[in-house]
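Novice: Using full-length UniProt numbering, you'd call the opening residue of the sequence shown number 1 and step up by one each time. C-beta atoms are modelled at their ideal positions from N, C-alpha and C, and glycine is treated no differently. Being a predicted model, the structure only gives us computed values, none of them experimental.
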Amino acid sequence: MQPAIKMALRAARQNSDFLKDQQARLDADSKAPEAVVRTVHAIEHRIHERTEELLRRSYKDHWIAPAGDVEAGDWAQSWHVFPILGERNFARGLPEFATALLQKINDRPENLVVLCPLTGEEYAFSRGYGAVLNSQRIRARSTQQLAQTLISCNLFNRRSSGEDSGVWLDVAGSLVREGADLHYNGCSVLDMARVAGGYLDAAVLATDLRHEQVMASLISQEAGAVGGDLRGNPLGRKAGELVIANNLLFREILQQAQPYRQRMTGA
């Protein structure tokens, strides 16, 4: 295991324990929504402070980005802390949330850890070294057809101001008609990691969040999967959705989306 991954796991485990304790104390029912948001943000701020303090002991010349920021700017070596992924789940007392830590070198993602505090899942992805779940190597499932697949999909939640916003429901419906069971837990990065771990067959997610696209590129590559958007393009800044699956299943998903490509452009 690479030294950077060991450090990232050490920091993420510390944050995971802290989050588990804080969620147990968080009583969302007794507070106004605004108060809950403030509390969650305070927890995230504390996690970032703790992580920055730990990283600076070993990486004094590395840049540590603000919480939730995936951009490295001109820094050759950088760390990116994501204190809580799936904030709403965390605030509601649900187990489907994660904490993550990403290292970039020359603005390219190199090492990523994703931990789910309440389930004990510890995912690690290191460029050129593969993917690991709780110290065991993992690969994406080799499913070849959509029938009886379990797919993470949030297209039905996508809000669009375009003229044909219903296209996303049609794409999701096409997957269902082919036998896929659509599932979404409210934490996209955790679902992407679970594709790598073989718990899910694929992820088909609407997102305009840059950090999810960056993480998806490393997760898919190191888990032996393919990543792209519903039009077949590589993941990039202009992608409005992302797909992760093994090569054959990736093609099957794109085939189901193909009749809707023109409509997706105006959605």
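Indicate whether A11 and T51 have their beta-carbon atoms separated by less than 8 angstroms.
Specialist: Position 11 of the sequence shown, counting from 1, holds the residue named residue 11. Position 51 of the sequence shown, counting from 1, holds the residue named residue 51. For A11 and T51, yes; Cβs fall inside 8 angstroms.
Novice: Please return the same chain residues whose Cβ sits closer than 7 angstroms to the Cβ of R251, not counting the five positions on each side in sequence.
Specialist: As a position in the sequence shown, residue 251 is number 251, starting the count at 1. Short of 7 angstroms from the beta carbon of R251, and not among the five residues preceding or following it, lies no beta carbon of its own chain.
Novice: Give the straight-line distance between the Cα atoms of G228 and H48, rounded to the nearest whole angstrom.
Specialist: For the purposes of this step, residue 228 is taken as residue 228 along the sequence shown, with counting starting at 1. For the purposes of this step, residue 48 is taken as residue 48 along the sequence shown, with counting starting at 1. Cα to Cα, G228 sits roughly 30 angstroms from H48.
Novice: What's the C-alpha gap between H45 and W168?
Specialist: Here the question's residue 45 lines up with position 45 in the sequence shown. Here the question's residue 168 lines up with position 168 in the sequence shown. In a straight line, the C-alpha of H45 is about 35 angstroms away from that of W168.
Novice: Alpha carbons only, please: which of L94, P109, I151 is nearest the one belonging to M215?
Specialist: Numbered from its first residue, the sequence shown carries residue 215 at position 215. Among L94, P109, I151, the Cα nearest to that of M215 belongs to P109.
Novice: By the three-class DSSP mapping on this structure, what secondary structure does H45 have?
Specialist: Along the sequence shown, read from residue 1 onward, the residue named residue 45 stands at position 45. Looking at H45 - three-state DSSP - the assignment turns out to be helix.
Novice: Among the candidates V204, Q2, Q255, whose CA atom is the shortest distance from the CA of A239?
Specialist: Position 239 of the sequence shown, counting from 1, holds the residue named residue 239. The closest CA to that of A239, considering only V204, Q2, Q255, is found on V204.
Novice: Roughly how many angstroms lie between the CA atoms of A65 and N111, to the nearest whole one?
Specialist: One-based indexing of the sequence shown puts residue 65 at position 65. One-based indexing of the sequence shown puts residue 111 at position 111. Distance between the alpha carbons of A65 and N111 is about 15 angstroms.
Novice: Return the Cβ separation of A202 and I138 in integer angstroms, given the expectation that the two are a contact with Cβ distance under 8 angstroms.
Specialist: As a first step, residue 202 must be located in the sequence shown, where it is residue number 202. As a first step, residue 138 must be located in the sequence shown, where it is residue number 138. The distance from the Cβ of A202 to that of I138 is about 15 angstroms, inconsistent with a contact at the 8 angstroms cut-off.
Novice: Going residue by residue through the region 69 to 116, where are the continuous beta strand (DSSP E) segments of at least 3 residues, counting only ones entirely within it?
Specialist: 77 to 85, 98 to 105, 108 to 116
Novice: Answer yes if the region 69 to 86 comes into contact with the region 166 to 184, meaning at least three C-beta pairs across the two stretches below 8 angstroms, and no otherwise.
Specialist: no
Novice: Comparing alpha-carbon positions, which option in Q213, R141, L209, S152 lies nearest A223?
Specialist: As a working mapping, residue 223 is identified with position 223 in the sequence shown. Comparing Cα positions, the closest option is R141.
Novice: If you follow the alpha helix (DSSP H) that R231 is in, where does it begin and where does it stop?
Specialist: Position 231 of the sequence shown, counted from the start, is the residue given in the question as residue 231. First-last for R231: undefined, no H or E at that position.
Novice: Sorted by chain position, which residues of the same chain lie with C-beta nearer than 6 angstroms to F125's C-beta, five sequence neighbours on each side aside?
Specialist: As a working note, residue 125 is residue 125 in the sequence shown. So the qualifying residues of the chain are L112, A131, L218, I219, E222.
Novice: Taking 8 angstroms as the threshold (C-beta atoms), are C187 and F97 in contact?
Specialist: Within the sequence shown, residue 97 is the residue found at index 97, counting from 1. Within the sequence shown, residue 187 is the residue found at index 187, counting from 1. In contact: F97 and C187 (Cβ atoms closer than 8 angstroms).
Novice: Check whether the Cβ of M7 lies closer than 7 angstroms to any heavy atom of the ligand ATP, and answer yes or no.
Specialist: The ligand ATP is absent from the structure shown, which contains no ligands of any kind.
Novice: Can the beta-carbon of Q14 be found closer than 8 angstroms to that of F90?
Specialist: Looking up residue 14 in the sequence shown gives position 14. Looking up residue 90 in the sequence shown gives position 90. No. Outside cutoff.
Novice: Where do the ends of the alpha helix (DSSP H) carrying E222 lie?
Specialist: Along the sequence shown, read from residue 1 onward, the residue named residue 222 stands at position 222. That run of the alpha helix (DSSP H) goes 210 to 222.
Novice: Does the separation of the CB atoms of V70 and H62 fall below 8 angstroms?
Specialist: Against the sequence shown, residue 70 aligns to sequence position 70. Against the sequence shown, residue 62 aligns to sequence position 62. Cβ distance not < 8 angstroms, so V70 and H62 don't count as in contact.
Novice: Thinking just about the alpha-carbon of each residue, which of Q103, A32, P117 is nearest to the one in I5?
Specialist: Position 5 of the sequence shown, counted from the first residue, corresponds to residue 5. Taking each of Q103, A32, P117 in turn and checking the Cα distance to I5, the smallest one comes out for Q103.
Novice: On a CA-only basis, which of A35, V37, R56, R38 is nearest residue 283? Give me that one, please.
Specialist: The chain is shown from 1 up to 267; residue 283 falls before or after that span and cannot be answered.
Novice: When the distance is taken between beta carbons, is Y123 closer than 8 angstroms to G197?
Specialist: On the sequence shown, residue 197 is found 197 positions in, with the first residue counted as 1. On the sequence shown, residue 123 is found 123 positions in, with the first residue counted as 1. For the pair G197 and Y123, the CB atoms are nearer than the 8 angstroms cut-off.
Novice: Report the rounded CA-to-CA distance for R231 versus L26, giving the unit in angstroms.
Specialist: The residue labelled residue 231 in the question sits at position 231 within the sequence shown. The residue labelled residue 26 in the question sits at position 26 within the sequence shown. Looking at the two C-alpha atoms, the distance is approximately 42 angstroms.
Novice: Mark V37 as exposed unless 16 or more other C-beta atoms lie within 10 angstroms of its C-beta, in which case mark it buried.
Specialist: Here residue 37 refers to the residue found at position 37 when the sequence shown is read from its first residue. Result: exposed.
Novice: If you follow the beta strand (DSSP E) that A124 is in, where does it begin and where does it stop?
Specialist: As a first step, residue 124 is located in the sequence shown; it is residue number 124 there, counting from the start. Its beta strand (DSSP E) spans residues 121 to 126.
Novice: Assign A67 to one of three DSSP states: helix, strand, or coil.
Specialist: Within the sequence shown, numbered from 1, the residue matching residue 67 stands at position 67. Note: A67 maps to coil in three-state DSSP.
Novice: According to DSSP, is D181 helix, strand or coil?
Specialist: Taking the first residue of the sequence shown as position 1, residue 181 is located at position 181. DSSP places D181 in strand when its eight states are reduced to three.
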